[in-house]
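Asker: What follows is a structure written as structure tokens; I'll ask about it next.
There are 2 protein chains.
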Amino acid sequence: MHDKVMSIGTVCDLTGLTERQIRYYEEKQLIFPVRSKGGARKYSFDDVEKVKDIHSKLRDGFHTYELRKNGRACCE
Amino acid sequence: MHDKVMSIGTVCDLTGLTERQIRYYEEKQLIFPVRSKGGARKYSFDDVEKVKDIHSKLRDGFHTYELRKNGRACCE
DNA sequence: CGTGTAAGGAATTCTGACACG
DNA sequence: CGTGTAAGGAATTCTGACACG
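Here it is in structure tokens:
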């Protein structure tokens, strides 16, 4: 679940979101994918759940900087 | 674990094997990856384990057609 | 038989930017 | 702010084949 194994296209398939949205959440420090040698982002199943959660909270009116404060799910 | 989410390059990283080997095991009906719209193979964590197992058995002297007979792990 | 490789094409992902608001 | 898009490049994956044995 924690293994960063899927590329952004797969995350799009699993979440229904666009690459743009997913990259933006990373830009805002909400998710932290790993990079392959070639530079491609790699995500875990946990990241997929996080992305879904982020998106639903944004729809509820929250902003990315607010989510950054509360999102203490793991690793930081 | 059963979700087919990773591309062949990731499977190579996780198993240490080459794309050629992994595709060959599929050709011999030992693993069954799914295809994305673009035609790229997608594997699950279960597939990764299967690939490792297949490779170790081949090293032990077994042949792919023998593994096909015994490999009743799942789905068939 | 199981695996290596060179070959050319198609699909994927990347970055930085302009846009709207 | 969060997301869309066109742009060009780089990395990934695909298939069919020839090779060795």
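Residue numbers (the UniProt record's numbering), protein chains in the order written: chain A, 1 to 76; chain B, 1 to 76. In this text, a Cβ means the ideal position worked out from N, Cα and C, and glycines have one as well.
(1) Is there a Cβ of chain B sitting closer than 7 Å to that of Thr15(A), yes or no?
(2) Which first and last residues belong to the alpha helix (DSSP H) in which residue 87(A) is found?
(3) Establish whether the CB of Val51(B) and some CB of chain A are separated by less than 7 Å.
(4) Sort Gly38(A), Lys37(A) and Tyr43(A) by Cα distance to Gly9(A) and report the nearest one.
(5) Would Lys50(A) and Thr15(A) qualify as a contact pair, given that the criterion is a beta-carbon distance under 7 Å?
(6) Let me check one thing: in DSSP terms, what residues is Lys42(B) bridge-paired to?
(7) Taking only the alpha-carbon atoms, compute the straight-line gap between Tyr65(B) and His55(B) and give it to the nearest angstrom.
(8) Using beta-carbon positions only, say whether Arg59(B) and Gln29(B) come within less than 7 Å of one another.
(9) Just checking: is the beta-carbon of residue 96(B) within a distance shorter than 7 Å of some beta-carbon in chain A?
(10) Which residue comes first and which comes last in the alpha helix (DSSP H) that contains Asp3(A)?
(11) Three-state secondary structure (DSSP) at Gln29(A)?
(12) Excluding five sequence neighbours on each side, which residues of the same chain lie with their C-beta closer than 7 Å to the C-beta of residue 84(A)?
(13) Which same chain residues end up closer than 8 Å to Phe62(A) when comparing Cβ atoms and leaving out the 5 residues on each side of it in sequence?
Answerer: According to the data block:
(1) no
(2) Because chain A here runs from 1 to 76, residue 87(A) falls outside it and cannot be looked at.
(3) no
(4) Selected option, being the one with the closest Cα: Tyr43(A).
(5) no
(6) According to DSSP, Lys42(B) bridges with Val34(B).
(7) 13 Å
(8) When the beta-carbon positions are compared, Arg59(B) and Gln29(B) stay at least 7 Å from each other.
(9) The structure shown does not extend to residue 96(B), since chain B is modelled only from 1 to 76, so the question has no answer here.
(10) Run containing Asp3(A): none; DSSP gives neither H nor E here.
(11) coil
(12) Lying before the first or after the last residue shown, residue 84(A) is absent from chain A, which here runs from 1 to 76.
(13) The answer is none, since no qualifying residue turns up.
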